[in-house]
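Everything in the sequence shown is counted per my numbering, starting at 7 for the first residue and increasing by one. Here is the structure we will look at.
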Amino acid sequence: MPAGGDSLRIAVDAKDYPGRPPKAVLRAIRLEVPRHQVVALVGPSGCGKTTLLNLVAGLDDRFTGTIHRPPGRLAVVFQNPRLLPWRTVAQNLALALPPDTPDLDGRIDAMLEAVGLAGQRDVFPNHLSVGMQRRVAVARAFLVEPALLLLDEPFVSLDAATAERLRDLLRDLLARRPATVLLVTHDLREAIALADRLVFLGGSPAGIIRDVAVDLPRRDAAAVEAFHRSMA
Ligand SMILES: Nc1ncnc2c1ncn2[C@@H]1O[C@H](COP(=O)(O)OP(=O)(O)OP(=O)(O)O)[C@@H](O)[C@H]1O
Ligand SMILES: [Mg+2]
Numbered sequence: 007m008p009a010g011g012d013s014l015r016i017a018v019d020a021k022d023y024p025g026r027p028p029k030a031v032l033r034a035i036r037l038e039v040p041r042h043q044v045v046a047l048v049g050p051s052g053c054g055k056t057t058l059l060n061l062v063a064g065l066d067d068r069f070t071g072t073i074h075r076p077p078g079r080l081a082v083v084f085q086n087p088r089l090l091p092w093r094t095v096a097q098n099l100a101l102a103l104p105p106d107t108p109d110l111d112g113r114i115d116a117m118l119e120a121v122g123l124a125g126q127r128d129v130f131p132n133h134l135s136v137g138m139q140r141r142v143a144v145a146r147a148f149l150v151e152p153a154l155l156l157l158d159e160p161f162v163s164l165d166a167a168t169a170e171r172l173r174d175l176l177r178d179l180l181a182r183r184p185a186t187v188l189l190v191t192h193d194l195r196e197a198i199a200l201a202d203r204l205v206f207l208g209g210s211p212a213g214i215i216r217d218v219a220v221d222l223p224r225r226d227a228a229a230v231e232a233f234h235r236s237m238a
């Protein structure tokens, strides 16, 4: 695919946090993500993954460089769920969409069902476990049907079965409605199971140290294991 206006183009020359001394977090990051590609961002804790996602989301413009986002809606699942505590679960989801969205209630109920929270629509977020709050945040992002989806460790602090269910849900949703995706994870198997491409951040300040295509026609457990072994 040519370098079109629909790709996500990240060019971060430098991102520092102010302080004495300033903290140099990111350097010379060039990443072009073609439309509808799913990229997993992998790297050690504290290397700057969330920082990069915040730049891509447009939440932080204090950096040197440029970011070109694909046209269309953006949805972000933050590392901390960030729900409004004074709104119920259903109200938190409703706020993600225009109020005149056709069948808003039906879509909210279907999405809550899909993430395993059918019984929690009228509950306030503070009354949910962190894992349940994370599922609400995932539901909210999926409901938006974004052109660009940014996910920061969306499936941590969930039991293995729930995490697998949400990975399946992400795959199903992307099959029905493709999006360009940046998925931050430190779980290499999860990255291989979900992404078209693995981008490794490393160093201090961090840059891209490895960029690997995941070319797996079938994502069964055996294929993921074999690919995982081949990375060593
Ligand atoms: N607002 C901030 N002000 C100053 N330093 C910050 C700020 N946010 C993050 N940092 C520092 O920048 C570095 C990168 O942080 P960041 O949160 O991006 O890492 P991360 O890769 O997302 O880590 P994790 O995997 O633990 O979530 C860390 O050293 C962190 O302490
Ligand atoms: Mg982080």
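Glycine included, C-beta positions come from ideal geometry on N, C-alpha and C.
- Distance between Arg177 and Asp66, taken at the CA atoms: about 29 Å.
- When C-alpha distances from His192 are compared across Pro223, Thr186 and Phe206, the shortest belongs to Phe206.
- Counting only residues whose CB is nearer than 7 Å to a non-hydrogen atom of ligand 2, the list in chain order is Lys55, Thr56, Gln85, Asp158, Glu159 and Val190.
- Put simply, the segment 71-91 touches the segment 151-165. At least three CB pairs are less than 8 Å apart.
- Contact between Leu175 and Ala120 holds: CB atoms are separated by about 6 Å, below the 8 Å threshold.
- Contact between the segment 96-113 and the segment 69-77 is absent: fewer than three C-beta pairs spanning the two stretches fall below 8 Å.
- Taking Ala20 as reference, the option from Glu38, Gly54 and Ala153 with the minimal CA-CA separation is Gly54.
- For Ser51, the distance from the CB to the nearest heavy atom of ligand 1 is below 6 Å.
- With three or more CB-CB distances shorter than 8 Å, the segment 203-217 counts as touching the segment 46-60.
- The closest CA to that of Ala100, considering only Phe148, Ser236 and Thr70, is found on Phe148.
- Residue pairing by DSSP places Val39 opposite Leu14 in a beta bridge.
- Collapsing the DSSP output to three states places Arg182 in a helix.
- Membership of Val129 in any alpha helix (DSSP H) is not indicated, and neither H nor E is assigned to it by DSSP.
- Around the beta carbon of Asn98, a 10 Å sphere encloses 16 or more other beta carbons of the protein chains shown; the residue is thus reported as buried.
- In the DSSP assignment, Asp22 forms a beta bridge with Ala30.
- Minimum Cα-Cα distance from Gln43 among the listed residues Asp106, Leu204, Phe130 and Phe233 corresponds to Leu204.
- By the CB criterion at 7 Å, Ser163 and Val190 fall outside the cutoff.
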